[in-house]
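Residue numbers (the working numbering): 132 to 410.
Glycine is no exception: its CB is placed at the ideal position from the N, C-alpha and C atoms.
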Ligand SMILES: O=C(O)CCC(=O)C(=O)O
Ligand SMILES: [Fe+2]
């Protein structure tokens, strides 16, 4: 029987007592509604093959292969492998793989004209300590902005690229490193909940459009300070067999990146989009 526990008042819910391979549409509808309310949904205790993970993920939207070609699953390009090939041929820890997602709070896919609706991970190997994924609410970030700042950013757009201002593109093939920036409003209304969120990613933003460079840098610094609000975070401690999906339209996340490097931490990952018409 499906049991759902909310983990914090604003972010995170854990569902147990179901098998995602066999659940009916009514159970999925409950999961989907919970996910929209809580931004992050964990389904615990699953045992999935590649195709089963894809089939469950497709219930949330369109799956798109991630631009990091070097980390795609060899048998299935739509699935990204996290934590695989962590040590190079010389035995050195590859920090781009070990620290993937850990360099700062972010939202996935802001560099695309149609950014990711969701990202979903399935935990295959979990270290004995550390390695959490941290989540925070973009709704709470927007709500916390002073009225004058809300007004100042209303109508402004951020320009985003994969490596941001630091140009950190180690996981991309050379031919994929020079794409045009994608533009997104700093205040985004969620297509399904209708709530306003501070859509922002300091690691991928190049500039705020229509501002002088120093004004843009100052605004980026100011908005960064509002991203994480007290009481609007959830830290997920992984168990093997967890499926975790987060809503990139209304949450920030980061990997803690602090687990013992000699231990395995391996996930399958999919990027999920909504059809362009939904924007
Ligand atoms: O490995 C994690 O905990 C999350 C990494 C991340 O940022 C992502 O998969 O988008
Ligand atoms: Fe991420």
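Since residue i contacts residue j with CB under 8 Å, what's their CB separation in whole angstroms?
i	j	result
residue 172	residue 162	6 Å
residue 169	residue 151	Wrong, their Cβ atoms sit about 17 Å apart, outside the cutoff.
residue 101	residue 342	No answer is possible for residue 101: it lies beyond the span of the chain, which begins at 132 and ends at 410.
residue 237	residue 332	5 Å
residue 194	residue 403	6 Å
residue 259	residue 405	With 8 Å as the limit, residue 259 and residue 405 do not qualify as a contact, their Cβ atoms being about 37 Å apart.
residue 312	residue 291	6 Å
Is residue i near ligand 2, in the sense that its beta carbon is under 7 Å from a heavy atom of that ligand?
i	result
residue 294	no
residue 378	no
residue 202	no
residue 315	no
residue 232	yes
residue 243	no
residue 367	no
Would you say the beta carbon of residue i comes nearer than 7 Å to a heavy atom of ligand 1?
i	result
residue 260	no
residue 192	no
residue 252	yes
residue 298	no
residue 386	yes
residue 302	no
Could you check what DSSP says for residue i in three-state terms: helix, strand or coil?
i	result
residue 409	Low confidence applies to residue 409: its pLDDT is 48, below 50, so where it sits in the model is not reliable, and the reading given next is rough at best. Residue state, collapsed to three classes: helix.
residue 289	strand
residue 246	coil
residue 201	helix
residue 159	helix
residue 165	helix
residue 403	strand
residue 390	coil
residue 137	strand
residue 241	coil
residue 340	coil
Going by DSSP, what residues sit across from residue i in a beta bridge?
i	result
residue 398	213, 254
residue 188	DSSP lists no partner for residue 188.
residue 381	DSSP, once it has assigned bridges, lists no residue as partnering residue 381.
| message | Would the stretch 254-273 count as touching the stretch 371-391 if we require 3 or more Cβ pairs under 8 Å? | response | Output reads yes: the stretch 371-391 touches the stretch 254-273.
| task | Count the CB pairs spanning the stretch 314-327 and the stretch 276-296 that are closer than 8 Å, and state whether there are at least three. | result | The stretch 314-327, when compared against the stretch 276-296, does touch it at the 8 Å Cβ threshold.
| field | Contact the stretch 218-225 vs the stretch 352-368: 3+ CB pairs below 8 Å | value | With the cut-off at 8 Å, the stretch 218-225 and the stretch 352-368 do not touch.
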